[in-house]
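Q: What follows is a single structure, and I will ask about it in a moment.
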Amino acid sequence: MVKEEGIIAENLFFRYSNFPVLSNISFEIKKGEFVAITGPNGSGKTTLLKLILGILQPESGKITIYGHDSSEREQIQAITGFMPQREHISSGFPILVRDVMMMGISARKRLKKLSEEDEEIAIKALEAVGMNEEFLNRKFDRLSGGQKQRVLFARAIAVEPEILLLDEPFNGVDIPSQNRMLDTVMELRRKGKTVIIVVHNINPLLHHIDKLMLLRNRLIACGRIEEVLTEQNLRKAYGASIPIIYCEEGFGHPVYGDTH
Amino acid sequence: MELLPLQPYIIRALLGVFLISLNASIAGSFTVFRNVSFLVAGASHSALAGAALFILLGSMGMPEINPIVGGLIFALIVAISAGYTRKEDINTVIGISFAMSMSLAVLLISMIREYSSRVWTLLIGDIYLLTQHDIYLMVGVTAFNITLILMFYRAFLFISFDFEGAEAFGLNARLYNYVLLSIIALSSVILLKGVGAILVFAMLVAPAAASNEVARNIREVFLFSFLIALLSGLGGIAVSFFVDVSPGAFASLLATLTYFFILSLRRLSGKVQI
Ligand SMILES: Nc1ncnc2c1ncn2[C@@H]1O[C@H](COP(=O)(O)OP(=O)(O)OP(=O)(O)O)[C@@H](O)[C@H]1O
Ligand SMILES: [Mg+2]
């Protein structure tokens with residue numbers, strides 16, 4: 009019998025040139041889990057996503073994704089969908105939302121000719137983030153920051169991934185659109201897809217996620233929210249004291265920012 | 485006088501302008517999208533060293549090969565090194581290859597004094613000096629580039645837009661990057677004989693940069709940059725009939741002025757809207 013493997017990392021170590029970014033990272037994400045990763049800037053969150061995607065390879069340690077070793081890039085990337093951080097995008101040319109949407113779809117088809125169906129898929133994905141067909145012919149560069157984020161999110165779900173990786177998807181996105189994106193994520197989760205999301209503000213997700221990872225170049229904590237979100241862990245991660253407020257449902261919400 | 489336009493050298497010049505415009509369209513546009521305009525300057529100047537080397541080898545009794553072939557090889561080396569480099573260091577690497585090639589070119593030129601004018605021709609360029617063989621080479625390289633761009637259009641667009649995303653969606657982004665940078669380098673060299681290393685930048689980058697400001701989509705960038713380059717080129721040739729000026733220089737002037745004209749128009753209309 010084949011074991012139902014999710015994502016398993018054992019003792020990952022990674023560095024860019026001589027600067028270690030991730031060390032001693034071990035965790036397990038089960039199939040169908042909704043996991044959030046948080047931590048300060050430069051703590052290696054994006055790097056960890058790239059390790060999961062097989063874009064980067066660990067210097068030591070091991071990570072397997074649905075039974076594939078991280079070196080089996082093709083197999084991994086056939087089942088993953090990725091939304092990059094907006095800062096990593098350069099759109100200083102008149103690329104249309106259609107072109108952006110078709111990127112993922114076309115890459116999946118190994119650049120084979122696109123069909124009408126592909127356009128349907130793109131439209132459906134856009135609708136999931138509250139945008140419609142009309143947006144296809146809009147210049148990506150002319151969209152607002154939040155709209156750009158939603159297109160990038162739509163591009164990631166358009167390839168119907170088994171594992172969805174989102175790098176700071178909510179930056180600059182208005183609350184209704186955030187909720188729509190979150191609804192889409194929850195629906196994917198109901199269908200058994202794994203979702204990994206990098207966020208700075210964990211609060212909107214607290215009631216939804218199964219697992220939280222707190223990162224600062226090493227894994228400060230990983231597990232159920234109440235285990236991870238302790239003042240002590242937060243201090244270890246951010247080097248500053250972040251108070252936690254408990255809501256009616258018993259979730260501890262960190263209060264970021266100036267609390268004076 | 486009426487027969488002047490039918491002179492073979494003029495026909496070759498017109499063909500040359502057409503081919504240059506095709507390169508300005510496809511390679512020029514992707515230069516702007518991928519934001520590697522410095523590569524154009526680097527590749528075209530490095531090509532001088534390659535051409536000088538081939539001229540030197542020819543003068544030493546080796547079989548005569550079109551010096552542009554040497555240029556193509558050197559430009560490819562620059563493109564590959566640029567692709568190998570991290571994005572942050574890319575301009576430094578290109579700049580230093582640029583400087584290294586120029587030193588090498590001047591060194592080689594000093595070794596082949598009697599032929600040095602042939603190298604200098606490539607620095608300044610002359611569309612009327614294109615030989616039949618030059619045209620074949622231009623057609624070959626241009627066709628090669630167009631084929632690659634048609635085949636991998638979406639991949640090139642993807643890596644220009646977000647490299648990491650392209651990698652994540654399963655494209656061999658590094659490989660496509662090498663191919664795209666090579667296409668840009670090859671196009672730069674193809675313009676060498678016609679407009680000269682100094683002005684390649686103007687003819688290859690300015691039309692696309694201007695189009696990029698006004699186009700409503702990618703297709704329009706390709707179309708407009710082709711037209712701007714073509715009209716500038718033809719303008720250069722037309723003027724050279726009447727006044728004794730370098731058509732390449734005049735064409736480059738037209739292309740760059742178009743860029744600044746469009747830029748100021750955009751700024752102006754931007755101000756009006758506010
Ligand atoms: N390509 C690279 N080459 C060298 N260093 C890099 C590279 N990418 C990231 N780094 C460094 O690695 C560290 C971790 O980067 P990473 O992008 O993973 O952080 P992050 O947690 O995603 O940060 P942020 O919250 O700002 O997005 C940073 O110090 C960064 O400067
Ligand atoms: Mg990041």
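Protein chains in written order, with my numbering: chain A, 9 to 268; chain B, 485 to 758. Glycine residues also receive a C-beta, built at the ideal position from the N, C-alpha and C atoms.
1) Taking its Cβ as the centre, do 16 or more other Cβ atoms sit within 10 Å of serine 123 of chain A, making it buried, or is it exposed?
2) Are there any heavy atoms of ligand 2 lying less than 7 Å away from the beta-carbon of threonine 615 of chain B, as far as the coordinates show?
3) How is the beta strand (DSSP E) around phenylalanine 42 of chain A delimited, first residue to last?
4) Quick one: residues with CB closer than 5 Å to any heavy atom of ligand 1, in chain order, please.
5) So who's on the other strand from tyrosine 246 of chain A, going by DSSP bridges?
6) Would isoleucine 228 of chain A and leucine 222 of chain A be called neighbours here (beta carbons separated by less than 8 Å)?
7) For arginine 226 of chain A, name the three-state secondary structure that DSSP assigns.
8) For the beta strand (DSSP E) holding lysine 70 of chain A, just list the boundary residues, first then last.
9) Using 8 Å as the threshold, is the C-beta distance between isoleucine 171 of chain A and threonine 54 of chain A below it?
10) If you measure from the beta carbon of phenylalanine 645 of chain B to each beta carbon in chain A, is any gap under 8 Å?
11) CA-CA distance, valine 159 of chain A and arginine 638 of chain B?
12) Is there a Cβ of chain C sitting closer than 8 Å to that of phenylalanine 653 of chain B, yes or no?
13) When we look at the beta-carbon of methionine 687 of chain B and count the other beta-carbons within 10 Å, is it buried (16 or more) or exposed?
14) Between serine 68 of chain A and glutamine 240 of chain A, what straight-line distance do the alpha-carbon atoms span, to the nearest angstrom?
15) Give me, in chain order, the residues of the same chain whose beta-carbon lies closer than 6 Å to that of glycine 526 of chain B; leave out the 5 immediate sequence neighbours on both sides.
16) In the DSSP assignment, what are the bridge partners of methionine 221 of chain A?
17) In chain A, which residues lie with their C-beta within 8 Å of the C-beta of asparagine 696 of chain B?
18) Would you say leucine 61 of chain A lies against chain B (beta-carbon separation less than 8 Å)?
19) Just how far apart, CA to CA, sit valine 663 of chain B and phenylalanine 710 of chain B?
20) Using the Cβ count rule (16 or more neighbours within 10 Å means buried), how would you classify methionine 109 of chain A?
21) Within the continuous alpha helix (DSSP H) that includes asparagine 661 of chain B, where are the two ends?
22) Three or more C-beta pairs under 8 Å: does that hold for the segment 174-183 of chain A against the segment 141-157 of chain A?
23) If you measure from the CB of aspartate 175 of chain A, is any heavy atom of ligand 2 nearer than 7 Å?
24) Between aspartate 218 of chain A and chain B, is the shortest Cβ-Cβ distance under 8 Å, so that the two count as touching?
25) Taking all protein chains shown into account, decide if glutamate 82 of chain A is buried (16 or more other Cβ within 10 angstroms of its Cβ) or exposed.
26) Would you please state the rounded distance, in angstroms, between the beta carbons of valine 193 of chain A and threonine 46 of chain A? I believe it to be under 8 Å.
27) Tell me where the beta strand (DSSP E) around histidine 261 of chain A begins and ends.
28) Is alanine 508 of chain B closer than 8 Å to alanine 713 of chain B when the C-beta atoms are compared?
A: Put simply:
1) exposed
2) no
3) 42-46
4) A:Tyr24, A:Val29, A:Asn49, A:Gly50, A:Ser51, A:Gly52, A:Lys53, A:Thr54 and A:Thr55
5) In the DSSP output, where bridge partners are listed per residue, tyrosine 246 of chain A has none listed.
6) yes
7) strand
8) 68-73
9) no
10) yes
11) 17 Å
12) Absence of chain C from the displayed structure is noted, the protein chains being A and B.
13) buried
14) 29 Å
15) Val562, Ile578, Ser581 and Phe582
16) A:Ile45 and A:Cys230
17) Gly100, Phe101 and Pro102
18) yes
19) 22 Å
20) buried
21) 657-674
22) yes
23) yes
24) no
25) exposed
26) Contact doesn't hold; Cβ gap of about 16 Å is too wide.
27) 260-262
28) yes
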